[in-house]
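Asker: If you read the sequence shown in our numbering, its first letter stands for residue 1, the second for the next number, and so on.
Beta carbons are placed, not taken as given, at the ideal position from N, Cα and C, and that holds for glycine.
Everything numeric in this text was worked out from a predicted model, so none of it was measured.
Here you go, one structure.
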Amino acid sequence: MGGNESLTGHDPSDSVVLRVLRTALHAGFYLLLAVATARLFATAQPRGAMMFALFGVLALAVLYAVGALPRRVAHNRRTALLWLACVTALWAALLAVSPDFSWIAFPLFFLHMHLLRGPHAVVAVVIVTGLVIATQLAHADEFSVAMVLGPSLGAGFAVLVAWGYAAVHRESQQRRLLIEDLRRTRSQLAVSQHEAGVAAERERLAGEIHDTIAQGLSSVVLLLRAAEAALPAGADTARGHLVEARDTASENLAEARGLVSELGPPALNEAGLADALRRLCERVERESGLRCRLRLDGTALGLPAGYEVALLRAAQASLANVVQHAGADSATVTLGYLRTEVTLDVYDDGAGFDPASPRAPRPDGSGFGLRSLRERIERLGGVFELESTGNGTVVAIRLPLREEVSR
């Protein structure tokens with residue numbers, strides 16, 4: 001036992017089996033005490049001995065109840081051992097009066113095995129057994145093997161049961177610790193999953209905002225600059241640029257509303273991916289003067305919504321980079337439907353750059369496009385590749401198709 005001893009042994013973590021065994025032990029003690037007391041009246045006892053025995057029985061019943069019966073009462077080890085010594089001493093005094101109290105030795109075996117440690121418990125059981133045997137011999141007219149064999153077998157059986165009880169108790173404690181550990185682990189896992197979900201959602205929203213609102217507003221800035229430069233020369237031209245700026249702002253407003261309500265891009269809601277890419281090319285060509293063409297390879301298939309959104313965003317981000325940074329004259333967007341995958345290539349004939357060089361975010365908050373695009377594609381299990389030379393840049397994306405989609 002540990003530093004604190006529970007005389008009841010009651011622990012909320014104990015199994016039902018342990019609580020039943022403990023209750024049976026206490027009930028057995030009082031049952032045997034009652035039987036031995038009844039036997040006092042059935043045998044001829046001197047009046048003085050009878051009164052002493054009755055007083056001892058009452059004291060033993062109260063003392064046992066004080067230490068063993070109240071639930072959830074914990075005592076330190078010294079108090080527990082003192083209680084056990086008093087119970088044993090009272091029992092020994094009653095044993096000297098009548099050998100019928102020998103039967104109470106059986107629950108006492110369990111108490112000694114429970115509250116004492118290792119060899120001390122075995123020694124205590126041997127001493128109690130010796131007292132029972134000596135009492136049986138002292139009150140018997142002749143020697144019988146049963147007087148020695150009976151108490152010895154009872155003591156041995158009690159020791160084995162007590163050891164089994166201890167093993168069950170240890171297993172119960174280990175199971176309790178395991179359950180607590182599993183609960184802590186499950187709680188930590190839930191927190192980790194929640195944090196991972198929050199981080200993934202923040203990353204997704206960051207990509208959506210970059211590919212929609214930021215890119216659209218960038219186009220608005222370019223158009224307004226063109227309008228400002230054209231105003232002195234021709235009001236009609238400036239008016240046309242302002243109309244384009246208004247339309248772009250309206251589209252981005254629809255995009256923002258779609259994000260809030262968890263809808264897909266409005267361009268995909270109105271038509272399929274190919275038509276959305278075609279309109280994107282037309283708008284880029286109209287706004288920036290960049291020649292933009294769409295090519296289709298293979299037979300169009302119904303793609304998962306996540307694929308269509310990712311490919312449209314990839315085309316938007318790539319063309320925005322071409323317009324702002326490449327200095328290109330033309331760009332080609334190629335959408336390919338193959339047997340096991342869908343591909344999207346965006347090629348431009350601009351100045352190019354070194355993909356291996358570190359690209360830090362710019363002071364204006366841009367510079368996240370390629371990294372965000374790569375992360376979006378990889379989350380879908382796809383492949384993102386970027387090749388750039390002095391003669392142009394190619395963004396190549398491949399997304400795997402499930403078997404039922406590719407058929």
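Considering just the uninterrupted stretch of the alpha helix (DSSP H) at Pro446, what are its terminal residues?
Answerer: Because the chain is modelled from 1 through 407, residue 446 falls outside the range shown and cannot be assessed.
Asker: Would you identify the three-state DSSP class for Gly365, choosing helix, strand or coil?
Answerer: Residue placement at Gly365 cannot be trusted, given a pLDDT of 41 that sits under 50; what the coordinates show is reported in the next sentence. Here Gly365 sits in coil by DSSP.
Asker: Looking at C-beta atoms only, is the number of pairs between the region 385-396 and the region 293-312 that lie closer than 8 Å three or more?
Answerer: No, because fewer than three Cβ pairs between the region 385-396 and the region 293-312 fall closer than 8 Å, the two stretches do not touch.
Asker: Quick check on Leu149: buried or exposed, where buried means 16 or more other Cβ atoms within 10 Å of its Cβ?
Answerer: Its Cβ having fewer than 16 others within 10 Å, Leu149 is exposed.
Asker: How many Å lie between Met113 and Thr37 at the Cα?
Answerer: So the alpha carbons of these two residues sit roughly 26 Å apart.
Asker: If Leu223 and Leu277 are in contact, beta carbons under 8 Å, what's the gap, nearest whole angstrom?
Answerer: With a Cβ gap of about 21 Å, Leu223 and Leu277 do not count as contacting.
Asker: Tell me which same chain residues have a C-beta within less than 6 Å of the C-beta of Pro107, skipping the five on either side of it?
Answerer: Here the set comprises Leu25, Gly28 and Phe29.
Asker: By a C-beta neighbour count over all protein chains shown, 10 Å radius and 16 as the cutoff for buried, is Asp354 buried or exposed?
Answerer: Label assigned to Asp354: exposed.
Asker: Consult DSSP for Arg278 and reduce its assignment to one of helix, strand or coil.
Answerer: Correct three-state label for Arg278: helix.
Asker: Closest to Arg402 by C-alpha separation, out of Trp163, Ala320 and Gly381, would be which residue?
Answerer: It is Gly381 whose Cα lies nearest to the Cα of Arg402.
Asker: Helix, strand or coil for Gly154? Go by DSSP, reduced to three states.
Answerer: In the structure shown, Gly154 sits in a helix (DSSP, three-state: H, G or I).
Asker: Taking 7 Å as the limit between beta carbons, can you name the residues of its chain near Val97, skipping five residues before and five after?
Answerer: Excluding sequence neighbours, Val97 sits near Ala49, Phe52 and Ala53.
Asker: Helix, strand or coil for Asp181? Go by DSSP, reduced to three states.
Answerer: Here Asp181 sits in helix by DSSP.
Asker: Quick one: what's got a C-beta closer than 7 Å to Val284's C-beta in the same chain, skipping five residues either side?
Answerer: Excluding positions up to five away in sequence, the list reads Leu290, Cys292, Leu319 and Val323.
Asker: My output table needs one value for Arg402: the three-state DSSP class, helix, strand or coil.
Answerer: Here Arg402 sits in coil by DSSP.
Asker: What residue from Gly154, Asp100 and Gly272 has the CA that sits closest to Ala42's CA?
Answerer: Out of Gly154, Asp100 and Gly272, Asp100 has the C-alpha closest to the C-alpha of Ala42.
Asker: Locate the beta strand (DSSP E) running through Leu296, then write down its first and last residues.
Answerer: Here the beta strand (DSSP E) through Leu296 covers Arg291 to Asp297.
Asker: Report the three-state DSSP secondary structure of Leu303 (helix, strand or coil).
Answerer: Reduced to three states, the DSSP call for Leu303 is coil.
Asker: For Tyr347, which residues from the same chain have a beta carbon less than 6 Å from its beta carbon, with the 5 sequence-adjacent residues on both sides left out?
Answerer: Thr332 and Val394.
Asker: Compare the Cα-Cα distances from Val57 to each of Leu90, Gly67, Leu84 and Leu82 and report the closest residue.
Answerer: When each option's Cα is compared against that of Val57, the closest is Leu90.
Asker: Using the three-state DSSP reduction, which class does Gly28 fall into: helix, strand or coil?
Answerer: If DSSP states are grouped into helix, strand and coil, Gly28 belongs with the helices.
Asker: Figure out for me which residue from Val342, Ser330, Asp329 and Arg279 has the closest Cα to the Cα of Ala310.
Answerer: It is Val342.
Asker: Can you name the residues that DSSP bridges to Val333?
Answerer: The partner list for Val333 (beta bridge, DSSP) reads Leu294 and Val346.
Asker: For Ala92 and Phe110, what's the separation of their Cα atoms in angstroms?
Answerer: Cα to Cα, Ala92 sits roughly 16 Å from Phe110.
Asker: Keeping to the same chain, check which residues put their C-beta closer than 8 Å to that of Pro151; ignore five residues upstream and five downstream.
Answerer: Hits under 8 Å: Ser102, Ala105, Thr129, Val132, Ile133 and Gln136.
Asker: Whole angstroms are fine: how far does the CA of Leu60 sit from the CA of Val87?
Answerer: Cα-Cα distance, rounded: 6 Å.
Asker: Who are Val309's beta bridge partners in DSSP?
Answerer: In the DSSP output, where bridge partners are listed per residue, Val309 has none listed.
Asker: Whole angstroms are fine: how far does the CA of Arg371 sit from the CA of Leu189?
Answerer: Distance between the alpha carbons of Leu189 and Arg371: 28 Å.
Asker: Taking Cβ positions, are Asn252 and Gly216 nearer each other than 7 Å?
Answerer: Yes, these two residues count as a Cβ contact at 7 Å.
Asker: May I have the straight-line CA-CA distance separating Ala315 from Ser288, to the nearest angstrom?
Answerer: One C-alpha to the other measures close to 15 Å.
Asker: Which first and last residues belong to the alpha helix (DSSP H) in which Leu115 is found?
Answerer: It spans Ala105 to Leu115 - the alpha helix (DSSP H) in which Leu115 sits, taken as one unbroken run.
Asker: What's the C-alpha gap between Gly408 and Ala155?
Answerer: Only positions 1 to 407 of the chain appear in the structure, and residue 408 is not among them; the question remains open.
Asker: Is the CB-CB distance between Glu244 and Leu273 below 7 Å?
Answerer: No, the Cβ-Cβ distance between Glu244 and Leu273 is not below 7 Å.
Asker: Using only CA atoms, which one of Arg176, Ile377, Asn391 and Arg374 lies nearest to Gly455?
Answerer: Only positions 1 to 407 of the chain appear in the structure, and residue 455 is not among them; the question remains open.
Asker: Report, in whole angstroms, the separation of the C-beta atoms of Thr334 and Asp349, which I expect to be a contact under 8 Å.
Answerer: At roughly 14 Å, the Cβ-Cβ gap does not stay under 8 Å, so Thr334 and Asp349 are not in contact.
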